[in-house]
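Quick notes on the structure that follows.
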Amino acid sequence: MTAIDRDRARAAFKSYTDAYDATNPRIALKIEHTYHVAEACDAVAREQDWSSEDIDLAWLCGLLHDMGRFEQLRRWDTFKDAESMSHAVLGIEILFGENPADAPAVTSIRDFIDDPAEDELIRASIAYHSDFRLPAQLDERTQSFCDIVRDGDKIDIMRTIADSTVDTILKVDEKTFLGSRFSSPTLAAFDEHRCVARDERNEPADYLVGLICFMFELVYPASRALAREQGDIYRLLDAPFGITRPFTDPATQATWSRLKDEMRDWLARA
Numbered sequence: 165m166t167a168i169d170r171d172r173a174r175a176a177f178k179s180y181t182d183a184y185d186a187t188n189p190r191i192a193l194k195i196e197h198t199y200h201v202a203e204a205c206d207a208v209a210r211e212q213d214w215s216s217e218d219i220d221l222a223w224l225c226g227l228l229h230d231m232g233r234f235e236q237l238r239r240w241d242t243f244k245d246a247e248s249m250s251h252a253v254l255g256i257e258i259l260f261g262e263n264p265a266d267a268p269a270v271t272s273i274r275d276f277i278d279d280p281a282e283d284e285l286i287r288a289s290i291a292y293h294s295d296f297r298l299p300a301q302l303d304e305r306t307q308s309f310c311d312i313v314r315d316g317d318k319i320d321i322m323r324t325i326a327d328s329t330v331d332t333i334l335k336v337d338e339k340t341f342l343g344s345r346f347s348s349p350t351l352a353a354f355d356e357h358r359c360v361a362r363d364e365r366n367e368p369a370d371y372l373v374g375l376i377c378f379m380f381e382l383v384y385p386a387s388r389a390l391a392r393e394q395g396d397i398y399r400l401l402d403a404p405f406g407i408t409r410p411f412t413d414p415a416t417q418a419t420w421s422r423l424k425d426e427m428r429d430w431l432a433r434a
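Under our numbering, residues 165 to 434 are what the sequence shown spells out, in order.
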């Protein structure tokens, strides 16, 4: 495997994203998110005592995981895959296939790494990073890289949301959010200690439960330790979207208090 030149990879990423409007806060958010995910992958791989080559490869997979987001926003003005197309599939097309004809910039995987030996692993780490579940047929090594990218993505999504307003993320105001309730499928997912599927979220409050459930499915102990150390999970529990007022419905507030207490207890043991 050819050594990965991180400076070259960063320069290739910057060259590509410089063609998109970084004054757009959504573009800026995804650029920042990308760097954070790459560093999280690096940190977790080091804690797992991976080889230096695999640490670099984990970092690169993190750097490339969201390459499709920039074209997704330009073409559809959304980050919602259901309203456009899978950003993971779009990223693979950009890196391994054809760049859109009208794209403001073009790139390929060879701009980031010369040796094609790890192309299929990199492709898989991008393809499956946002899927609800990984395919069962992955070999052990590929799954380990997919897991580390998925962990890094979840960790930084919690940071991103903790830094954002409810209007920015959910397109509802604070009053609407606090007036919403938790759906039964979402609560069932929490009680089962698993992530919430998209079709299990029905109300704004469900999105919050989905976020804190990320903690349950972080694969690597180092990922859970990093998430606790960064503290964003606690910010989501204490003041989601910066909101300190309680839910309007007393029963909903009581449920949220239960979820918070159970999550804190789980975090203390994880």
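By construction, the Cβ of each residue, glycine as well, lies at the ideal position given by its N, Cα and C atoms.
- For the pair Ser387 and Met379, the Cα-to-Cα distance works out to about 9 angstroms.
- Measuring C-alpha to C-alpha distances from Ala204 to each of Lys335, Asp317, Arg174 and Val373 identifies Asp317 as the nearest.
- Residue environment analysis places Thr198 among the buried positions, since at least 16 neighbouring C-beta atoms fall within 10 angstroms of its C-beta.
- Ranked by Cα distance from Asp315, the options Lys194, Ala389 and Asp413 are led by Ala389.
- For the pair Arg323 and Thr329, the Cα-to-Cα distance works out to about 12 angstroms.
- Note that the region 297 to 312 touches the region 282 to 289; at least 3 beta-carbon pairs, one per stretch, sit closer than 8 angstroms.
- By the Cβ neighbour-count rule, Gly261 is exposed, with fewer than 16 other Cβ atoms within 10 Å of its own.
- Note on His200: 16 or more other CB atoms within 10 angstroms of its CB, so buried under the neighbour-count rule.
- Put simply, the backbone Cα of Ala352 is about 43 angstroms away from that of Thr271.
- Close CB contacts of Ile407 within its chain, under the 8 angstroms cut and outside five residues either way in sequence, are with Val330, Glu338, Phe341 and Leu342 (chain order).
- Under the three-state reduction of DSSP output, Tyr292 falls in the coil class, being neither helix nor strand.
- Using a Cβ-Cβ distance cut-off of 8 angstroms, the region 228 to 245 and the region 182 to 195 are in contact, since at least three pairs of beta carbons, one from each stretch, lie closer than that value.
- For Arg314, the uninterrupted alpha helix (DSSP H) segment begins and ends at Glu304 to Ala326.
- Burial check for Glu282: the Cβ neighbour count within 10 Å reaches 16 or more, so the residue is buried.
- Per DSSP, Cys359 lies in no alpha helix (DSSP H) segment and is marked neither H nor E.
- Put simply, the backbone Cα of His293 is about 18 angstroms away from that of Ala207.
- In the structure shown, Leu228 adopts helical secondary structure according to DSSP, grouped into three states.
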